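Residue numbers (my numbering), protein chains in the order written: chain A, -8 to 135; chain B, -8 to 135.
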DNA sequence: CACAATTGGTCACGATTGTAACTGTCATTT
DNA sequence: AAATGACAGTTACAATCGTGACCAATTGTG
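Laid out in structure tokens, this is it:
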């Protein structure tokens, strides 16, 4: 009977690796700030673009709108972001980071960058092939 | 203020890609068999090794024991696997695929193989670098 | 041998998630 | 401008998941 080695199967390997990387990364910012991954994504997206609606955050960070909604509320309760009604469209709210939120962002971003750089350094000459093939895969699977 | 482009951040990209690949793969076997990913992993692991305890399945497929326990029960109710008490250790149960389970396995494995081959073919000369760097990353993150 | 510690597996619980329904607002059609 | 459909965001609900408690069986220690 034809068999398949699960441990060599691409979807399985990608999932396992992605989980491990995320867990590892979370252990870097988690202890200091107790952020979930959705919260981190909202923080990162708002830090990157200053002003966004929840809809735009979801589109840019690949998150479902309910996931965004909940992460936004949590961060709002933590006073890391604030809402402001939009003038053009009163259905949506413009979100921005508070001073506390910006402080957290400034604290985490260097750690995130160092985390990534460490991986790429460890990969050495294989870093560039990784980034290239990642783009190819993202294109193949229409991610983004 | 130093910024980070989330869409270029490695952990984020890996997670998004892994989800997309898994979803795409699931759309191949899902419609025919209505399997969840945990159930697929149990099926694949049992198909690969014939006889295993739940513990061993979890270790080989990187799943939490409760996740294995639930997937095993579902597959048992579907009559795709059966349990048998172990002689050596009466705490554990030896799991094997039934004829139905083997049929499903034989049906899905070629599809899984074709799915993977298709990706690697699309990648062309970048397929081999991908597999190489995957191994490196698995090693770096102590996956397996 | 007794008994404490460990282990395989299940279950109860709380947390997280996606789906679908819902509210209020905007756009389009007439 | 009234009605209809689309849309941003929240909420309710159900499904899925991990943590920890738990049971029965095994292993280790004195």
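Built from N, CA and C at the ideal position, the CB exists for glycine as well.
Note that the structure is predicted; figures quoted are calculated from it, not measured.
*Quick one: any contact between the stretch 37 to 52 of chain B and the stretch 105 to 113 of chain B, if contact means 3 or more CB pairs under 8 Å?*
Taking a contact to require three or more Cβ pairs closer than 8 Å, the stretch 37 to 52 of chain B and the stretch 105 to 113 of chain B do not qualify as touching.
*Below 6 Å CB to CB, which residues in the same chain sit around residue 58 of chain B once its five sequence neighbours on both sides are set aside?*
Position 67 of the second chain holds residue 58 of chain B. Excluding sequence positions up to five before and after residue 58 of chain B, its CB lies within less than 6 Å of the CB of 29, all in the same chain and listed in chain order.
*Assuming residue 7 of chain B and residue 134 of chain A make a contact with CB atoms under 8 Å, what is their CB distance in whole Å?*
Position 16 of the second chain, counted from the first residue, corresponds to residue 7 of chain B. Position 143 of the first chain, counted from the first residue, corresponds to residue 134 of chain A. Between residue 7 of chain B and residue 134 of chain A, the beta carbon gap of about 5 Å places them in contact (Cβ cut-off 8 Å).
*With a cut-off of 7 Å, does the C-beta of residue 94 of chain B fall near any C-beta of chain A?*
In the second chain, the residue the question calls residue 94 of chain B occupies position 103. Not one chain A Cβ lies under 7 Å of residue 94 of chain B.
*Could you please give me the residues that DSSP links to residue 75 of chain A through a beta bridge?*
Within the first chain, residue 75 of chain A is the residue found at index 84, counting from 1. DSSP lists A:85 as partners of residue 75 of chain A.
*Cβ shell of residue 70 of chain B (< 7 Å), same chain only, five flanking positions each side left out*: Here residue 70 of chain B is taken as the residue at index 79 of the second chain, counted from 1. For residue 70 of chain B, same chain residues with a beta-carbon under 7 Å away, outside a window of 5 residues either side, are 89, 91 in chain order.
*Whose C-beta lies closer than 6 Å to the C-beta of residue 83 of chain A among residues of the same chain, with five residues either side of it excluded?*
Here residue 83 of chain A is taken as the residue at index 92 of the first chain, counted from 1. Counting only Cβ-Cβ distances below 6 Å, and skipping sequence neighbours, we find 44, 77.
*DSSP on residue 114 of chain B, reduced to helix/strand/coil?*
The sequence position of residue 114 of chain B within the second chain is 123, counting from 1. DSSP places residue 114 of chain B within a helical segment (H, G or I) once states are collapsed to three.
*By how many angstroms is the C-alpha of residue 74 of chain B removed from the C-alpha of residue 68 of chain B?*
Along the second chain, one-based indexing puts residue 68 of chain B at 77. Along the second chain, one-based indexing puts residue 74 of chain B at 83. Answer to the nearest angstrom: the Cα atoms are 11 Å apart.
*Going by Cα to Cα distance, which pick from A:85, A:80, A:97 is closest to residue 48 of chain A?*
What you label residue 48 of chain A is simply residue 57 of the first chain in a count that begins at 1. Shortest Cα-Cα distance from residue 48 of chain A to any of A:85, A:80, A:97 involves A:85.
*residue 44 of chain A bridges to which residues according to DSSP?*
Residue mapping note: residue 44 of chain A aligns to position 53 of the first chain, counting from 1. DSSP output for residue 44 of chain A lists A:85 as bridge partner(s).
_Helix, strand or coil at residue 37 of chain A [DSSP, three-state]_ = Within the first chain, numbered from 1, the residue matching residue 37 of chain A stands at position 46. Assignment of residue 37 of chain A by DSSP, reduced to helix, strand and coil, places it in the helix class.
*Interface residues of chain B around residue -6 of chain A at Cβ under 8 Å?*
Locating residue -6 of chain A in the first chain gives position 3, counting from the first residue. Among the residues of chain B, those whose CB is under 8 Å from the CB of residue -6 of chain A are 38, 39, 100, following chain order.
*In the DSSP assignment, find the alpha helix (DSSP H) that holds residue 63 of chain A and state where it starts and stops.*
Residue numbering aside, residue 63 of chain A sits at position 72 when the first chain is read from its first letter. Residues 56 to 68.
_With a threshold of 7 Å on Cβ separation, who are the neighbours of residue 41 of chain B within its own chain once the five nearest residues in sequence on each side are excluded?_
On the second chain, residue 41 of chain B is found 50 positions in, with the first residue counted as 1. Around residue 41 of chain B, the same chain offers 87 as residues with beta carbons nearer than 7 Å, after the five sequence neighbours per side are excluded.
_Cβ-Cβ separation, residue 120 of chain A to residue 13 of chain B (assumed contact under 8 Å), whole Å_ = Residue mapping note: residue 13 of chain B aligns to position 22 of the second chain, counting from 1. Residue mapping note: residue 120 of chain A aligns to position 129 of the first chain, counting from 1. For a cut-off of 8 Å, the C-beta gap from residue 13 of chain B to residue 120 of chain A is around 23 Å, too long to register as a contact.
*Which term fits residue 19 of chain B, buried or exposed, when burial requires 16 or more other beta carbons within 10 angstroms of its beta carbon?*
The sequence position of residue 19 of chain B within the second chain is 28, counting from 1. Only exposed fits residue 19 of chain B, as fewer than 16 other CB atoms lie within 10 angstroms of its CB.
*asked:* Distance cutoff 7 Å, beta carbons only. Does residue 43 of chain A sit that close to anything in chain B?
replied: Locating residue 43 of chain A in the first chain gives position 52, where the first residue counts as 1. Not one beta carbon of chain B lies nearer than 7 Å to the beta carbon of residue 43 of chain A.
*For the alpha helix (DSSP H) holding residue 18 of chain A, just list the boundary residues, first then last.*
Your numbering for residue 18 of chain A matches position 27 in the first chain. Its alpha helix (DSSP H) spans residues 1 to 24.
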